[in-house]
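Taken in order, the sequence shown gives residues 1 to 540; the numbers are from the UniProt record's numbering. Contents: one structure, followed by commentary.
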Amino acid sequence: MGGPVATSVGQFDYIIVGAGTAGCVLANRLSADPNARVLLLEAGGSDNRLWVHIPVGYLYTMGDPRVDWCLKTQAEPGLNGRALNYPRGKVLGGCSSINGMIYMRGQAADYDGWRQMGNAGWGWDDVLPYFIKSERHYGPADAYHGVTGELRVEQQRLHWPVLDAVREAAAELGIPPVDDFNRGDNEGSGYFAVNQRRGVRWNARKAFLDPVRQRRNLRIETGAEVERIVVTEGRATGIEFGNRGRRLQADATREIVLAAGAIGTPKLLEHSGIGRGDILSAHGIAVERELPGVGENLQDHLQIRTVFGITGARTLNDMTAGWLGKLRVAAEYALRRSGPMAMAPSQLGIFTRSSPAYASANIEYHVQPLSLEAFGEPLHRFPALTVSVCNLRPESRGSCHIGSAAPGDAPLIRPNYLSTEADRLVAADSIRHARKLMATRRLAEYRPQELKPGPAISTDDQLARAAGDIATTIFHPVGTARMGHDPMAVVSSDLTVHGVSRLSVADASVMPTIPSGNTNAAVTMIAEKAAEMILARGRA
Ligand SMILES: Cc1cc2nc3c(=O)[nH]c(=O)nc-3n(C[C@H](O)[C@H](O)[C@H](O)COP(=O)(O)OP(=O)(O)OC[C@H]3O[C@@H](n4cnc5c(N)ncnc54)[C@H](O)[C@@H]3O)c2cc1C
């Protein structure tokens, strides 16, 4: 970092970078030790904004620079040259303040796979207690659910007759209705459980920071963008950050924990001289520790958003067309915290197999009673369903690296979607599956009309190409500082960075493979487990 010498804000036992999903959990758990001084730094500001808290506001927070980093991917060959908007929360709560609120753990086999890759302590039986620890589930406590944690998991407050019909249509295809996706096998159909409290978003700030804000040993700074970790003789000793035009610095005596997310964490590592030697040298950054896996192994879920126009049922499109409709919807929310404004954008989930070749569900549907050209655009004015399907375990691997030496510049995000034959086949089969679902006897009364990608497209190649035209991220980047013990691993299974002492990563970046579901619950679990390991190290 050039320019004037940074002013010190002091010395802390733990410095946590990023107050997103993971950072809020970490701040809560690490500051539970009254002898530990904890500093939590967040680049974004307060989450005190209406659209953060009203669930349907999800459609409007994306692209708002007051809460979103407003990143973009590079042009993607698999998407026929398109670049995607790539929202990431830049606000207290991070992505938990702008996400779709779905609470989903994935499948037991995901975590058993992590353990099988050599990561002791990360199998399903090992991680289940950490999912339970932070959970306040709507149902009774049992072997899979907790009711005393901070993270509220509630049932949605509205049902849509047309989505109930889609659920029955899934049953016609042999996909059973299930009440709970979070017991280790999510195959089936059901309404998603959500992180809400009585129809209002329940983000990581409310869950984990609010109860501990008064702790005298916890200092929270917003508007604080960390630019570099200071590494001296292989040891992380402090960080440098900017805050409202000032250059500041803080020292850590026990550990610096990176929780800047799957995009922010590799960027920060590279700016600190930890990463691929060729990339660091190309930008004139001195190599403190060569770790070729930093920024590699980027995995994401790509959602193929098929759209079907329907007749004879109401969807959000037509309910909110015109000012009277909007007024009615607003009144219902104001009076009962219910109705479409309380809705997580994706209501109904279906987990199934795109072909019999798969031993467990390999695709996830997010069925939405709405449609639009792209996020940020107005809803269509005719009734329609978005029948979005994503490949839960894509083979494609991308990367996220710095594009310059300036910490303020956005990184180069290359998810590399649909870059393998198998992923293209799953994409083609996903569209075929969605068509089969919409062509069931149960849905005939709604006379579904395929608007996207369009019924004329039929061969594998045409369908994969069409997927490239209509697909977008479902916002689940992971894996860019993955755990493991091979040369491409960045952190070990205790989440400490290989070859740099007193530095760890505890966020979506450490996942070796993407879980078979939405990622927020898994990140919460990772932070729970990380906090326990960090505190144990501190006591040793
Ligand atoms: C639009 C959207 C919808 C989603 N929907 C769902 C869903 O419905 N269900 C689900 O399970 N998952 C969903 N996800 C994904 C899920 O929310 C994320 O996987 C999860 O929140 C990631 O947590 P994290 O702690 O790794 O990162 P984040 O929550 O992104 O936190 C990182 C934090 O670090 C801060 N930061 C970054 N760099 C710096 C820096 N240099 N200095 C200081 N601070 C920094 C960021 O501002 C941010 O607050 C969605 C995500 C998005 C964006």
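The beta-carbon is built from N, C-alpha and C at its ideal position, and this holds for glycine as well.
Whole-angstrom Cβ separation of residue i and residue j, contact assumed at under 8 Å?
i, j, result
"R228", "H283", "Actually they do not touch by this definition, with Cβ atoms about 13 Å apart."
"G123", "R115", "4 Å"
"L71", "A410", "5 Å"
"L151", "T524", "6 Å"
"A374", "L26", "Between L26 and A374 the Cβ distance is about 34 Å, and since that is not below 8 Å, they are no contact."
"T513", "G94", "In fact, because the Cβ distance is near 22 Å, the residues do not count as touching under 8 Å."
"I431", "L463", "5 Å"
"K529", "Y130", "5 Å"
At what residues does the alpha helix (DSSP H) containing residue i begin and finish?
i, result
"V25", "21 to 30"
"L437", "421 to 438"
"residue 545", "Shown here, the chain extends from 1 to 540; a query on residue 545 therefore has no answer."
"G113", "108 to 116"
"E332", "323 to 336"
"S281", "277 to 282"
"I239", "Careful: I239 lies outside any alpha helix (DSSP H), inside the beta strand (DSSP E) at 235 to 243."
"L79", "First-last for L79: undefined, no H or E at that position."
"L451", "Where L451 is concerned, there is no enclosing alpha helix (DSSP H), although the beta strand (DSSP E) it sits in stretches over 449 to 452."
Which residue marks the beginning of the beta strand (DSSP E) containing residue i, and which one marks its end?
i, result
"L258", "246 to 258"
"D409", "That residue, D409, is in no beta strand (DSSP E); it is neither H nor E in DSSP."
"V127", "Where V127 is concerned, there is no enclosing beta strand (DSSP E), although the alpha helix (DSSP H) it sits in stretches over 124 to 133."
"H53", "No beta strand (DSSP E) holds H53; the alpha helix (DSSP H) holding it covers 50 to 53."
"R228", "224 to 232"
"G10", "7 to 17"
"Y365", "363 to 368"
"A384", "384 to 391"
"T352", "348 to 352"
"K90", "Careful: K90 lies outside any beta strand (DSSP E) and carries neither H nor E."
"L41", "38 to 41"
Who are the near neighbours of residue i in its chain, counting only those whose CB is closer than 7 Å to its CB and skipping five residues on each side?
i, result
"T386", "R305, V307, Q368, L370, S371"
"L268", "V17, V226, I229, L258, A260"
"residue 542", "In this structure the chain extends from 1 to 540, so residue 542 is not present and cannot be described."
"G468", "G78, L79, N80, L418"
"G454", "none"
"P177", "R167, A171, G188, S189, G190"
"G149", "K133, S134, E135, R136"
For residue i, collect the residues of the same chain with a Cβ closer than 6 Å to its Cβ; drop the 5 residues on either side in sequence, then sort them by chain order.
i, result
"D318", "P383"
"A19", "L40, E42, L92"
"R537", "none"
Skipping 5 residues on each side, what residues in its chain have a beta carbon closer than 8 Å to that of residue i?
i, result
"A75", "G81, R82, A83"
"M1", "Only weak support is given to the placement of M1: the predicted model assigns it a pLDDT of 45, under 50, and the value that follows is read from those uncertain coordinates. Hits under 8 Å: E227, R228, E240, R247, P407."
"M488", "P292, G293, E296, N297, R482"
"Y358", "none"
"Q303", "H366, S388, V389, C390, A471, T472, T473, I474"
"Q11", "R37, A250, D251, A252, T253"
"R197", "R152, E154, K206"
"G281", "Residue identity check: residue 281 is Ser in the sequence provided, not Gly. Here the set comprises V287."
"T7", "R246, R247, L248, Q249"
"V231", "T237, S272, G273, I274, E288, R289, V500, L503"
Is the beta carbon of residue i within less than 7 Å of some heavy atom of ligand 2?
i, result
"H476", "Summarising the ligand content, the structure contains ligand 1 and does not contain ligand 2."
- Query: Can you list the alpha helix (DSSP H) stretches of 4 or more residues lying completely in the stretch 289 to 319, in chain order?
  - Reply: 316 to 319
- Query: Where in the stretch 459 to 514 do unbroken runs of the alpha helix (DSSP H), each at least 4 residues long, occur, reported from the N-terminal end onward?
  - Reply: 460 to 470
- Task: Can you check the stretch 145 to 223 for any alpha helix (DSSP H) of at least 4 residues that lies completely inside it and give the ranges in chain order?
- Result: Runs of the alpha helix (DSSP H) inside the stretch 145 to 223: 161 to 172.
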